[in-house]
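Enquirer: Quick note, the sequence shown lines up with residues 3 to 122 if you use the working numbering. The beta-carbon is built from N, C-alpha and C at its ideal position, and this holds for glycine as well. Quantities reported herein were computed from a predicted structural model and do not represent experimental measurements.
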Amino acid sequence: MKRARPTAGQPLWDIPTRVFHWLVVLCLPLAWWSAEEERYDIHQWTGYTILVLVSTRVIWGFVGSRHARFSDFLVGPATVLAYLRGRPVDFVGHNPLGGWSVLLLLSLLLLQAVSGLFNT
């Protein structure tokens, strides 16, 4: 099945997905810096922020706009293998391997944030 592609100049990712992405980009180095500088108050709040961001993104992955939904970019193993073998695969946005990479990164962020809750 062919997927509808956005027209030229029309953004693929919606505003909530972009905001999530850039807030994570800001929070990760802040979390690292605050741990290195022993600013645990900032580190703790950064961890809470990441936890809220990832939780919100997971919810958005089920109820958000079309291209933000997991069902739009998570494909089966056969499609991923075909992509890795260089066979033509139709996709919009994340490639088949990239979709699973998103899920892995979200899982790792969630694991890191939750493990920090038990360290305080």
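If you draw a straight line from the C-alpha of residue 60 to the C-alpha of residue 29, how long is it?
Expert: Here residue 60 refers to the residue found at position 58 of the sequence shown. Here residue 29 refers to the residue found at position 27 of the sequence shown. Between residue 60 and residue 29, the C-alpha separation is close to 18 Å.
Enquirer: Please return the same chain residues whose Cβ sits closer than 8 Å to the Cβ of residue 32, not counting the five positions on each side in sequence.
Expert: Within the sequence shown, numbered from 1, the residue matching residue 32 stands at position 30. Answer for residue 32: 44, 48, listed in chain order.
Enquirer: Compare the C-alpha of residue 80 against each of 66, 102, 62 and name the closest.
Expert: Locating residue 80 in the sequence shown gives position 78, counting from the first residue. With distances taken between Cα atoms, residue 80 lies closest to 102.
Enquirer: Can you tell me the Cα-Cα spacing of residue 66 and residue 22, whole angstroms?
Expert: Against the sequence shown, residue 66 aligns to sequence position 64. Against the sequence shown, residue 22 aligns to sequence position 20. If you take the alpha carbons of residue 66 and residue 22, they lie about 13 Å apart.
Enquirer: Can you tell me where the alpha helix (DSSP H) with residue 47 in it begins and where it stops?
Expert: Here the question's residue 47 lines up with position 45 in the sequence shown. Note, residue 47: alpha helix (DSSP H), 42-65.
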